[in-house]
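Q:
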Amino acid sequence: MKFAILSRNAKLYSTQRLAEAARERGHVVRVLDPLRCYMSIAPGRFQMRYKGKELAGIDAVVPRIGASVSFYGTAVLRQFELMGAYSPNPSDAILRARDKLRCHQMLAGEGLGLPLTVFGDNPDDTTDLMGMLGKPPHVIKLNEGTQGNGVILAETTSASRGVIEAFRGLYANFLVQEFVAEAKGADLRCFVVGDRVVAAMRRQAGEGEFRSNLHRGGSASPVELTEAEIDTALRAARVMGLGVAGVDLLRSNSGPLVLEVNSSPGLEGIEAASGVDVAGAIVEFTAGGVLRPSRTPRRRTRGLTKA
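Residue numbers (the UniProt record's numbering): 1 to 307.
Written out as structure tokens, the structure reads:
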């Protein structure tokens, strides 16, 4: 099969591992910078070019689209979908997961556990908004932040109000959530591929930090998930429509709570902590999606049969 990996940097660990895993399984692989892909759109004819040459005959696309290029990256992925390529994470599913507010609304609509979350726009409603949430600490996070960026712990009411006012002054969209103290600065990263959690790790925040992201000095260790945690992770990925997802959970007194559903989860930390060939699982699931009988592929359009 012909695989394309959409990634802005071919040297990133996750990109390299996916390319290696695909080649080890006999696939032809190209790493494509989505910002160098450009397209022609017409009824019954979808074309893609890359650095002056036509791209055609791609069977599967594994997207590694960063949040900063979500709009353009998902447009490129959508074009590949219209050209008949399969992706484990469709373009619309990525956009759903990137929007934290939409993601939380959809998950709550399916009855999945979440930290209590409030959202509002008008400054006149701030006092009532915080009253709906309860006493601090509060976690305030940008709606489209990643890797812990734009996530702030406010330990007093005045601190919460100040951060909210600052974010509003920047015209930023943000959520305010309860702080789950019993999690003790730890969360669970559950790596979902298809209908399985193929690997999991416990991430612990560093000294003086409440965010457990490995990029922020958090530590990772293997963890055994409960049946409830496995079920929650699988349901969260399924609600978002993602075949590959990093689902972050908190262990709370009321059971597992979903913090985030990541459509482009990194592989380095989870592979090191779990010892699992996660890249291989992604490639095998993706190849299976191309061949899956239940899939109804889009018809390849004219002019796209070149090798």
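Idealized CB from N, CA, C, for every residue including glycine.
#1: According to the Cβ coordinates, are Val261 and Ala237 closer than 8 angstroms?
#2: Do you know offhand how far Glu227's Cα is from Glu271's?
#3: Report the rounded CA-to-CA distance for Glu165 versus Tyr38, giving the unit in angstroms.
#4: Could you tell me which residues DSSP puts in a beta bridge with Asp124?
#5: Would you decide whether Pro265 is buried or exposed? Buried here means 16 or more other CB atoms lie within 10 Å of its CB.
#6: Is DSSP giving Ala22 helix, strand or coil here?
#7: Are three or more beta carbon pairs between the stretch 155-170 and the stretch 76-94 nearer than 8 angstroms?
#8: Among the residues of its own chain, which have a CB less than 6 angstroms from the CB of Asp195, if the five just before and after it don't count?
#9: Ignoring anything shorter than 3 residues, give me the beta strand (DSSP E) runs that lie fully in the stretch 165-191, in order along the chain.
#10: Between the Cα of Ala100 and those of Val176, Asp277, Ala4 and Arg23, spot the shortest distance and give me the residue it belongs to.
#11: What do you reckon, are the CB atoms on Val258 and Leu153 nearer than 8 angstroms?
#12: Could you name the residues of the same chain whose beta carbon sits closer than 7 angstroms to that of Ser252, not counting the 5 residues immediately before and after it, in chain order?
#13: Ignore the nearest five residues each way along the sequence and tell me which others in Ala22's own chain have a CB closer than 6 angstroms to its CB.
#14: I'd like to check one pair, Pro136 with Glu155: are the Cβ atoms closer than 8 angstroms?
#15: Which residue wins for smallest C-alpha separation from Pro63, given the options Gly52, Lys51 and Gln79?
#16: Hey, Met132 and Ser160 are a contact pair by Cβ (cut 8 angstroms); roughly how many whole angstroms apart?
#17: Could you check what DSSP says for Val278 in three-state terms: helix, strand or coil?
#18: Can you find the residues in the same chain that come closer than 6 angstroms, C-beta to C-beta, to Thr74, ignoring five residues on each side of it along the sequence?
#19: Using a 10 Å radius around the Cβ and a threshold of 16 neighbouring Cβ atoms, would you call Ile5 buried or exposed?
#20: Considering only the beta carbon of each residue, do Glu144 and Ala67 sit closer than 8 angstroms?
#21: For the beta strand (DSSP E) that Leu77 lies in, which residues bound it at each end?
#22: Identify which residue in Val278, Thr232 and Val247 has its Cα closest to the Cα of Ser263.
#23: In whole angstroms, what separates the C-alpha of Ser158 from that of Tyr171?
#24: Looking at the structure shown, is Phe285 part of a helix, part of a strand, or coil, going by DSSP?
#25: Under the DSSP definition of a beta bridge, which residues are partnered with Ala42?
#26: For Ser254, is the classification buried or exposed, using 16 other Cβ atoms within 10 angstroms of its Cβ as the cut-off for buried?
#27: Quick one: what's got a C-beta closer than 7 angstroms to Val290's C-beta in the same chain, skipping five residues either side?
#28: One question on the structure: do Leu142 and Phe174 come within less than 8 angstroms of each other, judged by their Cβ atoms?
#29: Smallest Cα separation from Ile140: which of Gly288, Ala233, Val163 and Gln204?
A: To lay it out plainly:
#1: yes
#2: 22 angstroms
#3: 40 angstroms
#4: Its beta-bridge partners do not exist; DSSP assigns none.
#5: buried
#6: helix
#7: no
#8: none
#9: 174-178
#10: Looking at the sequence provided, one finds Lys at residue 100 rather than Ala. Answer by Cα proximity: Val176.
#11: no
#12: Sequence-distant Cβ neighbours of Ser252 in its own chain, meaning closer than 7 angstroms and more than five residues away, are Val180, Glu182 and Ala183.
#13: Phe3, Val29 and Val283
#14: yes
#15: Gln79
#16: Not a contact, Cβ separation roughly 12 angstroms.
#17: helix
#18: Ser91, Ile94 and Leu95
#19: buried
#20: yes
#21: Run containing Leu77: none in the beta strand (DSSP E); it sits in the alpha helix (DSSP H), Ser70 to Leu82.
#22: Val247
#23: Ser158 and Tyr171 have their C-alpha atoms spaced approximately 20 angstroms apart.
#24: helix
#25: Arg45
#26: With fewer than 16 other CB atoms across the displayed protein chains lying within 10 angstroms of its CB, Ser254 is exposed.
#27: Met1, Asp59, Ala60 and Tyr86
#28: yes
#29: Val163
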